[in-house]
Amino acid sequence: MTQVTKSLELSLARFKEALQCRNEQRNHTARMIDNATSRRDEAIQTLKVIDKKLEETKANLASQKHDLKVLAKEEAVAKGMYKELLAGRLPVDVSYAKIAKFESPDDLVLQKEKFLAKIESLFDKLDDEIADLSRRIRMLEKLISGGVRRVELLNQKRSILSRSLQLYKKELAQLEKTLASTIEEEELLIHEYTDFTQRLKTVATIPASVDKLLARTLKSGNRADAGAA
Numbered sequence: 032m033t034q035v036t037k038s039l040e041l042s043l044a045r046f047k048e049a050l051q052c053r054n055e056q057r058n059h060t061a062r063m064i065d066n067a068t069s070r071r072d073e074a075i076q077t078l079k080v081i082d083k084k085l086e087e088t089k090a091n092l093a094s095q096k097h098d099l100k101v102l103a104k105e106e107a108v109a110k111g112m113y114k115e116l117l118a119g120r121l122p123v124d125v126s127y128a129k130i131a132k133f134e135s136p137d138d139l140v141l142q143k144e145k146f147l148a149k150i151e152s153l154f155d156k157l158d159d160e161i162a163d164l165s166r167r168i169r170m171l172e173k174l175i176s177g178g179v180r181r182v183e184l185l186n187q188k189r190s191i192l193s194r195s196l197q198l199y200k201k202e203l204a205q206l207e208k209t210l211a212s213t214i215e216e217e218e219l220l221i222h223e224y225t226d227f228t229q230r231l232k233t234v235a236t237i238p239a240s241v242d243k244l245l246a247r248t249l250k251s252g253n254r255a256d257a258g259a260a
């Protein structure tokens with residue numbers, strides 16, 4: 032009897048230990064799922080931020096490249112005018128300046144000085160314009176170069192993050208599968224444990240009919256013992 036009792040106690044203890052193990056595994060897997068879900072959601076949000084930055088940077092680049100083309104055309108026009116002046120081809124308002132007839136030598140000298148001053152003024156104006164255009168072009172080229180580099184870096188980050196996101200999703204799917212399997216095994220253990228304890232109760236309980244039979248038997252046996260005495 033003692034051996035049977037020990038065997039039953041061992042079986043119950045094993046059931047409880049297995050249930051506790053499955054419960055711990057379920058909780059551990061659930062925590063891992065929460066962690067993986069958090070990392071996945073964070074990656075998704077970061078991707079949205081990167082995509083927005085990419086869109087803004089590309090829009091800025093397009094605008095800057097357009098402005099660069101405009102400035103380059105303006106610079107080409109200014110340099111063309113400069114070359115025309117150097118070649119002696121003067122603007123209409125300079126080359127056809129009205130000069131009065133029969134000027135004195137002093138008047139001619141004055142007209143020459145005015146002409147040369149106007150030419151010099153044109154060169155100065157073109158020098159300033161070309162210098163300003165060159166400065167703005169260099170600034171835009173620097174901005175464009177930085178923007179291109181920024182797009183490259185953002186694309187690299189996006190590529191790395193996209194791969195990480197796929198890994199998070201794959202990990203999450205595997206963890207959810209593991210959790211489902213753990214829960215299924217835990218439910219099976221609970222069912223078997225409940226069934227086992229119910230069968231123990233059934234075996235350990237004497238049926239009413241048997242109980243009455245035992246009572247009558249014991250009662251009659253006591254009477255017999257009393258008569259013999």
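If you're matching positions, the sequence shown starts at 32 in the numbering used here and goes up one per residue.
All C-beta atoms in this analysis are idealised placements derived from N, C-alpha and C, irrespective of residue type, glycine included.
Since this is a predicted model, take the numbers as computed values, not measurements.
- In this structure, T88 places its C-beta atom within 8 angstroms of the C-beta atom of R181.
- In this structure, N186 is the residue among T209, L174 and N186 with its C-alpha nearest to the C-alpha of K83.
- Going by C-alpha positions, P122 is about 13 angstroms away from S152.
- Fewer than three pairs of CB atoms, one per stretch, sit closer than 8 angstroms, so the stretch 52-66 makes no contact with the stretch 163-179.
- Using a 10 angstroms sphere on the CB of T228, the tally of other CB atoms stays under 16, which defines it as exposed.
- The Cβ neighbour count for T213, taken over all protein chains shown within 10 Å, is at least 16; the residue is labelled buried.
- Between A109 and E160 a beta carbon distance of about 5 angstroms is seen, short of the 8 angstroms cut, so the two are scored as contacting.
- Excluding the 5 residues flanking it on each side, I75 has same chain C-beta neighbours closer than 8 angstroms at L196, in chain order.
- At the C-beta level, S165 and E105 stay beyond 8 angstroms of one another.
- For L220 and C52, the gap between their C-alpha atoms comes out near 11 angstroms.
- Here the C-alpha atom of D98 lies approximately 44 angstroms from the C-alpha atom of K200.
- Collapsing the DSSP output to three states places G178 in a helix.
- Judged by their CB atoms, E217 and L50 are nearer to each other than the 8 angstroms cut-off.
- The DSSP-derived three-state label of S193 is helix.
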